[in-house]
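Worksheet: the structure to be examined is printed underneath.
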Amino acid sequence: MTSQSRLAWLMNDVAGRRLMALILAVIIILPVLNLWVPKDSFFHVSSYTIGLLGKYLCYALLALAVDLIWGYCGILSLGHGAFFALGGYAMGMYMMRQIGDRGVYGNPLLPDFMVFLNWQELPWYWYGFDNFFFAMVMVALAPGILAFVFGWLAFRSRVTGVYLSIITQAMTYALMLAFFRNDMGFGGNNGLTDFKDLLGFSLQKDTTKVALFVCSGVALILGYLLCRYVVSSKLGRVLVSIRDAESRTRFIGYRVEHYKLFVFVLSAMLAGVAGALYVPQVGIINPGEFSPINSIEIIIWVAVGGRGFLYGAIIGAVLVNYGKTFFTGAFPEIWLFMLGGLFVVSTLFLPQGVVGIVQQWKDKRAEKKALQAGASGEVAS
Amino acid sequence: MIKQYWGVLLVLFSCLLSGLYASPAWAEDAEAGASLESLLSELTSSSFNKKAKAVEAIAALDDERVLPVLEAMLAGDLFYRKSDDKIVFTASAESGYQITDALTAEDLGAVGKREVKKISTNNRLRKQLRTQIAGYKLLSKKAEIRLAAADDLIKTPSPEFLEVLQGAIKKEKDNSVLKALKVARAVILLQSDNEVDRIQAVKDMDGFANKHTMAMLTALVQQNEDGSYVESSELVREEATSVLKGLKAMETWYKFVEDLFFGFSLGSVLLLAAVGLAITFGVMGVINMAHGEMIMLGAYTTYVIQLIMPNQIGASLIVAVPAAFLVSGLMGVIIERTVIRHLYGRPLETLLATFGISLILQQLVRSVFSPLNRSVITPDWMSGSWELNGFLSLTYNRLYIIIFALMVLFGLMLLLKKSFFGLQMRAVTQNRSMASSMGIRTGWVDAMTFGLGSGIAGIAGVALSQLTNVGPNLGQSYIIDSFLVVVFGGVGNLWGTFVAAMGLGIANKFVEPMAGAVLAKILILVFIILFIQRRPRGLFAIKGRFVEG
């Protein structure tokens, strides 16, 4: 009994459980189909597909992070791409250091772009990134610290709603400009690229790609469980009440800014992890990831999937990105029309996204059933 | 032609009057004209001595037509027609020359190469001509010609003009021209062997803003490689050092003024971009992410107007302003009626929907025009610069943009504060239901207000098309700045928008030299982010009950 109530947060979430099971199945079955099924077989899954799906899984984790703050706390961050990119840069820095003397210039200490810029020594903020565990800590810590400082300043002075959205956008814009500068020591315009291996495994190998894909899936599942746990806890209830009536929550006696800050930092860290998994799979990280439009695109994934369901964000991210891959390939002209149309349609007609539609349809059916049951019951009596 | 008749009439009239008055001015003019004619005919002579004498006599005449003749002769464009020895200006045309009468400026049509003969010059004559022209210019009746002549002499000092200059200085009454003439003389005298002359020259240079003289003075106080000074006399060096100090202070001051001007012009650009947003966001509370695309539409309207009227580029800009207002305004009304109307009170959803619209508009422009930048031509009256002195010149396009931005701002303020529509608009924003029950059609007012804000953005696009590239991404680059300006200034307050735009523009220009353009921008962004933390509702926040609404 006690174990059941302790796990109630998981038991009550039927749709989420099903989705997690699906993801689990995908990350078990697809690698098998990719690695052990012969290439000419109908059931073979190409490495391209694996890479693509791995990317979608990272995006899904990012969308999850955004849904956690937007769907449950009402914080519309237009700068979450910045946290994603910071995590990606931390991972990229580790992999840059891993290149060692195999770079074009063969310098064992300095990455190629620094040699190119005539730098003599490694900047202090690059120290430690040759260590995998330090780099992994930074993947979460760098976005976390930025989110903490930014959130602490913003929430303490009660910057809310649209104003917060605009300054988060300004934040990612400023970071983009900063990372574009060569002087920053992050590779400037070109960013970090030419990665060779990760923990000694070559990034070119199919097995490494599959491993990264599986890691992304596992990270997504863990991230989902964490988010679900948070929103189902008492803290989650407070978050929802902040979303719906911030002043009232404050007057009841909750320190609203503390709750917001906690969830904002958590979300930023999740985004950072997503970025770190994303970079080795695409092989490059550049300042373009900071551009405000990327951050806004994340919002649309969540909006299309359905805000405030968590699993909706995952569905939305995969759906929209699949659409993007398909349309930019088939009709590149149309994609921006489609994306723009999605923004308009989803806000006008789908306030709860795809998940909301399914929910509505289910509710209606249940209502009908109840009516029918009621009617037959009356006849019987 | 008409001028000619007037001339004849005047001569007749003056003959008539000459009996009544002792020395009528017109008669003198007629006489001078006659003598210019006779002197010109002497130029056809083949003897260079005769020509030299004629040139000297011509230069002594007080006549507007002298200068063109001398300059054409120096340039080798002065010819005479073999048939009647008429002196003409020539410009090369297809197989021959296009000729103009040197006396009457009458167009005599095209002639073959053999019909005219060049009035030849030799080295001595050309040198004489140069001196005569300089002298003539220096003694010209028009102050600006004298000033231009002095400036020329400062740029290319030639000792042979010293006497002419001395004469001009004695006669000069206009103070600013006198100063320029003295500096022109000083530039020559600086090479003199006489120490007193050099000291006087340095003194004359004091307080005259010119980069050439400054460079000369700087060179004067420098040391040679062996440690000796370029200028041997210590007195001259001392004088030069003190004069240079004054000039440097002047240069710093004008640099400051120039920075201020650049800051204002940047601020004006921000103001233009943001002022429409101050209406849609500030007054209506609608987050219009497609605002940048309204600016873009305005810029493309300018481009299209120029395509339609390629021969009147100067006027096209004037036509483009109302056209851009209509195009962007209409688009704004359509967006308001179809999308935003359904989203009032849900600012975050509005933000997303309008962002979607901005993507659609961008792609639309990309599909219709091309993803590449289009070039919009700058009309003549906007190019060039206004040179105030040697240290300060203000470019016209920036000057006009400042004026234009202020006009737009004040026009908008008048509309909001003084017109009936403005009254309705303010009523609806302050208390929608009350305004509605007073009989104001709130829906209509919403649409018009949004159209107004978008239209103003379109006008901004016309101005921006003169400064930046017109491309599909034009709007995107201004949207974040615009929002920051509006938020920084305080929502719903046009004065706040003005102060914020100018403040940010000037701050940007003054931080730029210290930190570089990109870093300056980043610093400003960080500053605004921090500022919003301190004062979440901007510089000039509205106070009162409806703030939270």
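Each protein sequence line maps, in turn, to chains B and A.
Each residue of the first sequence is one higher than the last, beginning at -2 in the numbering used here.
Each residue of the second sequence is one higher than the last, beginning at 13 in the numbering used here.
Virtual Cβ for every residue (Gly too), placed ideally from N, Cα, C.
| Query | Result |
| --- | --- |
| Proximal residues of chain B, C-beta to C-beta of G368 of chain A below 9 Å | I297, L336, G337, G338, L339, F340, V341, V342, S343, T344 |
| Residues from the stretch 332 to 359 of chain A in contact with chain B, defined by Cβ distance under 7 Å | V351, H354, L355, P359 |
| CB contact below 9 Å: I372 of chain A versus chain B | yes |
| Partner residues on chain A for V159 of chain B, Cβ-Cβ distance less than 8 Å | I299, P359, L360, L363 |
| Segments assigned alpha helix (DSSP H), at least 4 residues, entirely inside the stretch 436 to 518 of chain A | 444 to 449, 454 to 476, 488 to 501 |
| Chain-order list of residues whose beta-carbon lies under 7 Å from that of E83 of chain A (same chain, five-residue window excluded) | I145 |
| Chain B within 9 Å of L542 of chain A, Cβ atoms only | yes |
| Nearest-angstrom beta carbon gap, L309 of chain A and V331 of chain A [assumed within contact, 8 Å] | Actually they are not in contact, since the Cβ atoms of V331 of chain A and L309 of chain A sit about 16 Å apart, beyond 8 Å. |
| Inter-residue Cα distance where the pair is Q478 of chain A and G85 of chain B | 39 Å |
| Other residues of its chain near S35 of chain A: CB distance less than 7 Å, five sequence neighbours each side excluded | Since pLDDT at S35 of chain A reaches only 42, below the 50 mark, its modelled position is unreliable, and no value is offered. |
| Chain-ordered chain A contacts of Y170 of chain B [CB-CB under 7 Å] | I492, L537 |
| Residues near H41 of chain B in its chain [Cβ-Cβ closer than 6 Å; skip 5 each side] | V34 |
| Neighbour list for R178 of chain B in chain A, Cβ cutoff strictly below 9 Å | G528, V530, L531, I534 |
| C-beta atoms of Y56 of chain B and A271 of chain B nearer than 9 Å | yes |
| Where P548 of chain A meets chain B, residues with beta-carbon distance less than 7 Å | S154, R155, V156, Y160 |
| Against chain B: residues of the stretch 510 to 525 of chain A by CB proximity under 7 Å | none |
| Beta-carbon proximity list for S104 of chain A, same chain, < 8 Å, skipping 5 on both sides | Q110 |
| Counterpart residues of L404 of chain A in DSSP-defined beta bridges | The partner list for L404 of chain A (beta bridge, DSSP) is empty, contrary to what the question assumes. |
| Neighbourhood of L119 of chain B by C-beta, 8 Å cutoff - its chain only, sequence neighbours within 5 removed | L106, L107, M111 |
| Selected residue, minimal CA-CA separation from E184 of chain A, among A:V388, A:A162, A:R358 | A:A162 |
| is_contact[L551 of chain A, chain B] using C-beta, thresh 9 Å | no |
| At least three beta-carbon pairs within less than 8 Å, the stretch 431 to 440 of chain A to the stretch 400 to 412 of chain A | no |
| Local Cβ density within 10 Å of E251 of chain A, reported as buried at 16 or more and exposed below that | buried |
| As assigned by DSSP and simplified to three states, the class of S35 of chain A | With a pLDDT of only 42 at S35 of chain A, under the threshold of 50, the placement of this residue in the model should not be trusted, and no figure is reported. |
| First through last residue of the beta strand (DSSP E) which encompasses F5 of chain A | This structure gives no information on residue 5 of chain A, because the portion of chain A shown stretches from 13 to 561. |
| Partner residues on chain B for S379 of chain A, Cβ-Cβ distance less than 7 Å | E330 |
| Backbone secondary structure at T362 of chain A - three-state DSSP | helix |
| Cβ of L282 of chain A within 9 Å of any chain B Cβ | no |
| Where the stretch 375 to 399 of chain A meets chain B: residues whose CB sits under 7 Å from a CB there | Q375, S379 |
| Amino acids of chain A, ordered along the chain, whose beta-carbon sits closer than 7 Å to that of A151 of chain B | Q545 |
| DSSP beta-bridge partners of K202 of chain B | None, per the DSSP bridge assignment. |
| Candidates B:R15, B:L61, B:V299, of which the one nearest L339 of chain B by Cα | B:V299 |
| Local Cβ density within 10 Å of R99 of chain B, reported as buried at 16 or more and exposed below that | exposed |
| Cutoff 9 Å: F268 of chain A Cβ touching any chain B Cβ | no |
| Collapsed DSSP secondary structure at E118 of chain B in the structure displayed | coil |
| Backbone secondary structure at Y160 of chain B - three-state DSSP | helix |
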